[in-house]
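Asker: Take 1 as the starting number for the sequence shown in UniProt numbering and just add one per residue.
In this text, a Cβ means the ideal position worked out from N, Cα and C, and glycines have one as well.
Only a predicted model underlies this, so the values are computations on that prediction, with no experimental measurement involved.
What follows is a structure written as structure tokens; I'll ask about it next.
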Amino acid sequence: MAPANARAGPSRQRASSPVEDSEAETSRRPRRGEQTGHTNGVAPSNGSAPANLTSDGWTIDTFKSLPLAKTGVVSSVFRNLDDRLKDTLGRVDDGLEKTREAAKAFEDAQEDDPAVEELDAAFRRLLEVREELRIKIRVLTEMAAELRQEGELVDPDKIYQERAIRATKEYRNKSQRAKFQNLPEYQDFRAQIWEINHPDDACPPVSRWLPKERDEESDEDIEIGATTQTYRCPITLLQFVEPVTSNKCRHSYSRAAVEGLIATAQGKRAVKCPVAGCMATIEKKDLEINRNLAKRTAEHAKRLQRRQEEEEEDPENLLDLTQE
């Protein structure tokens, strides 16, 4: 028996809300990427849709990169890329310094230690990595400048790849001598190693440690000559104290000595460089603090002191002293 309060007649359906209607309509729409009977008005000529046609009606072959407009977001992206590359560059510089110190330690422990040549190869490889990073940074800097000037960049990825890859390829095609023979960092690297066991001899040209390609000129045609590093101030004739270097002639002096020389130049702001044969004139503003030379001077002094102590402790030297 039906309940007493049950009403006869047709059942009533609850009216759907606008939200439910919207959800139902959405559920009937094709999802992004689903194949449908149309392609946003783009109909293929053969009556069937291309396999790589997207729901927006373009293919990989017909896709065109939109110009990159100058905005705060884009500028921030350029800065972030530049910062990341420079951070990596800093780590490479740290690696160069550690490799240099390790090579000097091996050479100090044993002259011509084979490990030095292995570290030399590692040092050159790091120099190559550094140069390739600098190429990328240079290309990004150029692109950022063009974006600021023009207001947009068309196909920036292609621009970056073409410029960076072309410059990197050109660099990699260079010989070892073309890359490093005139590079101050490599010249300094070899000079610091050489002077450890040859304090009174000039360092040979770096081509001595660089392989020669078959089509390169002979050593006689390209070598400039040997160089000798001195740790004595040309004014005081004593070891450097707070060395500074002239940015005009690259000669170095003890700071107090050269500043005193300039101060007593009879009212003239510039004086002739005190190094024999140098015709450059120097002013106080031309002097740059040379921390690398200060470090090398201290290391040189320690080596001299250690060798002097070793000579004094040598039994043969003690025997000579007792016989005198």
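(1) Is S252 closer than 8 Å to L293 when the C-beta atoms are compared?
(2) Near L238, which residues of its chain fall below 7 Å by C-beta distance, leaving aside the five closest residues on each side in sequence?
(3) Going by DSSP in three states, V154 sits in which element: helix, strand or coil?
(4) Are I271 and A265 close, meaning C-beta to C-beta below 8 Å?
(5) Specify the secondary structure class of I165 as computed by DSSP and reduced to three states.
(6) To the nearest angstrom, report how far apart V206 and Q187 are at their CA atoms.
(7) Using DSSP with H/G/I as helix, E/B as strand and the rest coil, what is G41?
(8) Would DSSP call P234 helix, strand or coil?
(9) Among Q110, C203, A103, which has the Cα closest to the Cα of T230?
(10) Do you know offhand how far T236's Cα is from F189's?
(11) Identify which residue in E242, F180, P243 has its Cα closest to the Cα of K212.
(12) For the alpha helix (DSSP H) containing T297, list its first residue and its last residue.
(13) Which of the three DSSP states, helix, strand or coil, is assigned to P184?
Answerer: According to the data block:
(1) yes
(2) R232
(3) coil
(4) The sequence as given places Val at residue 271; Ile does not occur at that position. Cβ distance < 8 Å, so V271 and A265 count as in contact.
(5) helix
(6) 6 Å
(7) Note that G41 has pLDDT 42, beneath the 50 cutoff, so the model's placement of it is unreliable and the number below is only indicative. Looking at G41 - three-state DSSP - the assignment turns out to be coil, as it is neither helix nor strand.
(8) coil
(9) C203
(10) 27 Å
(11) Of the candidates E242, F180, P243, the residue whose Cα lies closest to the Cα of K212 is F180.
(12) Where T297 is concerned, the enclosing alpha helix (DSSP H) stretches over 291–313.
(13) helix
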